[in-house]
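The structure under discussion appears below in the form of structure tokens.
Numbering (my numbering), first residue to last: 27 to 475.
Next comes the structure, spelled out in structure tokens:
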């Protein structure tokens, strides 16, 4: 019991980091005057997280589990420290990569405090884990340094990461920094495609030693579960990263209050995750819950696209509850489905693949949402408020609009800002809807006892 408790204490810190960053982002954009970097704040964290899910999964097989786990915590703590001290937006993004693993008057320090608070908590967790985490005796696989290095699939890493970075850069710059037809944007898309093809070829050649073993990912239940997870999680992260911006930029909420205003979404997610778990346990069939989850989530996200500047409490609370019921029900279903059909020996790899897809979907589609938001904001301001510079709005951040926009233009600017945010949520509606295709290939056959 102590072992389980100590691990869950640390998981609480990680979950806190995954959610509080979304609430802190509007204030971070003010501090660094970089609204255009919103997509990077989420994507950099999620992208490197998804990569290291698979790498650490392999490290656990070659080294003592306890010490690998503690090493990951220490890296996370270092990243939290440097994120809190980041002097610029670019430095913050870089330090978010490392970290991959308050009352209203103090709202201006939320961005730094969000990360510094991890340090004392992490120190306590390390002491607790050293004392109480006793992993059952396991015999790590003996391998030379050369063999270990090869099993980490370095070629897969050096092709996949640059491919996704090129894709994110193209999405980040396209339509704002450079036109979509610009040679730089085209070159980035082409390079991303070539590197992804190379990555797939490497995975096929390496088979079970690959980052994503083809034997497992090509199984129908795993393939369709991965598709569902990528799309569903991508839609969820698109909502959760832009909802606090709506509360802070449109409703003038503080960072702390915007976090409170997101509670209907979070609480309904928790409740319906238990509902789905109990339902699958009772029926032995997760497939119907996939359909229910996508319908609820798509409906909730669709209703959120009706948000306007003057949308009141009943709507933004009720729509969050509907969305949260779908997300809470669906976000863990792919893992349950895969564990129900895979042989015991393949369950760790299958679970790692699904966790990879969850953060990978977030990394990609948060960046896509940022491209939609930035383009709609820029074109909307030029069309509706020609007296206001789009560059000025983007530089000032999400919550300091009233410091640079005069009163006669503020109403029109908020309308354009609201429309740009809602446009990003249309992407979430589409992703939730298409995710239903993942349920089609699910196997209802339970693994034999």
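C-beta: ideal position from N, C-alpha, C; glycine also.
Given this structure, state the Cα-to-Cα distance separating residue i from residue j, to the nearest angstrom.
i	j	result
residue 247	residue 303	18 Å
residue 88	residue 226	25 Å
residue 306	residue 312	5 Å
residue 221	residue 293	41 Å
residue 185	residue 390	16 Å
residue 229	residue 238	7 Å
residue 372	residue 236	14 Å
residue 231	residue 187	19 Å
residue 430	residue 278	15 Å
residue 268	residue 418	20 Å
residue 398	residue 339	26 Å
residue 309	residue 233	35 Å
residue 344	residue 446	22 Å
residue 82	residue 180	13 Å
residue 206	residue 450	18 Å
residue 421	residue 146	34 Å
residue 328	residue 365	31 Å
residue 376	residue 98	21 Å
residue 408	residue 356	40 Å
residue 100	residue 93	10 Å
My output table needs one value for residue i: the three-state DSSP class, helix, strand or coil.
i	result
residue 194	helix
residue 200	strand
residue 368	coil
residue 288	coil
residue 122	In this prediction, residue 122 has a pLDDT of 47, which is less than 50 and means its spatial position is unreliable; what the coordinates show is noted afterwards. Looking at residue 122 - three-state DSSP - the assignment turns out to be helix.
residue 320	helix
residue 206	coil
residue 335	coil
residue 393	helix
residue 411	coil
residue 310	coil
residue 89	coil
residue 133	Summary for residue 133: the model assigns pLDDT 39, below 50, so the residue's position carries little reliability, and this model does not support an answer.
residue 401	helix
residue 460	helix
residue 157	helix
residue 449	helix
residue 467	coil
residue 346	helix
residue 223	helix
residue 228	helix
residue 235	helix
residue 294	helix
residue 434	helix
residue 178	coil
residue 280	coil
residue 243	helix
residue 358	coil
Since residue i and residue j are thought to touch, with beta carbons under 8 Å apart, how far apart are those beta carbons, to the nearest angstrom?
i	j	result
residue 323	residue 349	6 Å
residue 385	residue 198	18 Å between Cβ atoms; not a contact.
residue 465	residue 317	6 Å
residue 273	residue 287	5 Å
residue 403	residue 416	7 Å
residue 214	residue 192	5 Å
residue 196	residue 211	5 Å
residue 354	residue 295	3 Å
residue 367	residue 444	44 Å between Cβ atoms; not a contact.
Could you check whether residue j and residue i sit closer than 7 Å to each other, using their CB atoms as the reference points?
i	j	result
residue 331	residue 448	yes
residue 73	residue 243	no
residue 251	residue 363	yes
residue 352	residue 326	yes
residue 481	residue 380	Outside the displayed span of the chain (27 to 475) sits residue 481, for which this structure offers no information.
residue 454	residue 276	no
residue 383	residue 256	yes
residue 515	residue 95	Only positions 27 to 475 of the chain appear in this structure, which leaves residue 515 out of reach.
residue 442	residue 406	yes
residue 395	residue 258	no
residue 393	residue 217	no
residue 270	residue 280	no
residue 346	residue 291	yes
residue 201	residue 401	yes
Flag residue i as yes when its Cβ comes closer than 6 Å to any non-hydrogen atom of the ligand SAM, and as no otherwise.
i	result
residue 396	The ligand SAM is absent from the structure shown, which contains no ligands of any kind.
For residue i and chain D, any beta-carbon pair shorter than 7 Å?
i	result
residue 213	No chain D appears in this structure, which consists of one protein chain only.
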